[in-house]
């Protein structure tokens, strides 16, 4: 600013400053987007989605269809052994190895259900005639159950040794208590086992 501009009686020409301000104002509003910044209220309104669908019946039908498709995939996986759609308790190479080993052997537990039904029928037929004979029949049921449990424990010990050698002790123990998984499959008929057996008898896994 010159000395003359500082004097009070000298009027400064403000037209140049006004022109510079007019040309500088659009430069501030213009940015990389090429459009003005939207208001916060408008931006929030665009992000709001309806919680309840417009057509509830159609949404319910779609959810039911997805659920039915998932159940059908799991049902087929129970028959084919497809790891992708099996339940969480049956997934993984360790659980597959357990199933294959048990399905390859003959377990006494799988005969317990038919043997028990047979003895119960005999017990009902002879209970009214000979009390002592019916007592022996019931004793035979408990004895067979005890022997089948011992056979399942032997299977668990042999299978655990194989699993430790193949997968490592830490990995096997990370699966939780595999004893009940082995025990329940040993006491189930082969044709009723789920997932269904994928190996033949005596076809043990390596």
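Numbering (the numbering used here), first residue to last: 3 to 208. Ideal placement from N, C-alpha and C gives every residue a C-beta, glycine not left out. The structure presented is a predicted model; accordingly, all values stated were derived computationally and were not measured.
Determine the direct distance from the alpha carbon of residue j to that of residue i, and round the result to whole angstroms.
| i | j | result |
| --- | --- | --- |
| residue 191 | residue 58 | 45 Å |
| residue 109 | residue 147 | 12 Å |
| residue 186 | residue 62 | 37 Å |
| residue 124 | residue 113 | 17 Å |
| residue 141 | residue 157 | 25 Å |
| residue 199 | residue 84 | 12 Å |
| residue 98 | residue 150 | 23 Å |
| residue 119 | residue 92 | 29 Å |
| residue 178 | residue 74 | 28 Å |
| residue 71 | residue 96 | 27 Å |
| residue 78 | residue 131 | 50 Å |
| residue 89 | residue 133 | 48 Å |
| residue 170 | residue 182 | 20 Å |
| residue 159 | residue 152 | 11 Å |
| residue 144 | residue 126 | 16 Å |
| residue 66 | residue 60 | 10 Å |
| residue 172 | residue 82 | 29 Å |
| residue 121 | residue 168 | 41 Å |
| residue 176 | residue 64 | 38 Å |
Ignore the nearest five residues each way along the sequence and tell me which others in residue i's own chain have a CB closer than 8 Å to its CB.
| i | result |
| --- | --- |
| residue 128 | 135, 136, 139 |
| residue 193 | none |
| residue 116 | 191 |
| residue 202 | 106 |
Among the residues of its own chain, which have a CB less than 7 Å from the CB of residue i, if the five just before and after it don't count?
| i | result |
| --- | --- |
| residue 161 | 100, 103, 184 |
Considering only the beta carbon of each residue, do residue i and residue j sit closer than 8 Å?
| i | j | result |
| --- | --- | --- |
| residue 166 | residue 155 | no |
| residue 105 | residue 195 | yes |
| residue 80 | residue 207 | no |
| residue 87 | residue 76 | yes |
| residue 111 | residue 189 | yes |
Just to confirm my understanding: we take residue i, look at its own chain, exclude 5 residues before and 5 after, and list those with CB closer than 6 Å. What are they?
| i | result |
| --- | --- |
| residue 180 | none |
| residue 205 | 106 |
Along the chain, where does the alpha helix (DSSP H) that runs through residue i open and close?
| i | result |
| --- | --- |
| residue 89 | It is not in any alpha helix (DSSP H) - residue 89 carries neither H nor E in the DSSP assignment. |
| residue 203 | From DSSP, residue 203 is part of no alpha helix (DSSP H); its letter is neither H nor E. |
| residue 78 | 58 to 82 |
| residue 118 | 114 to 128 |
| residue 103 | 95 to 106 |
With hydrogens ignored, establish whether the beta-carbon of residue i is closer than 7 Å to any heavy atom of the ligand MN.
| i | result |
| --- | --- |
| residue 58 | This structure lacks the ligand MN; in fact it carries no ligand of any kind. |
Would you mind listing the alpha helix (DSSP H) stretches within the segment 159 to 185 that are 4+ residues and don't spill past its ends, in chain order? 171 to 175
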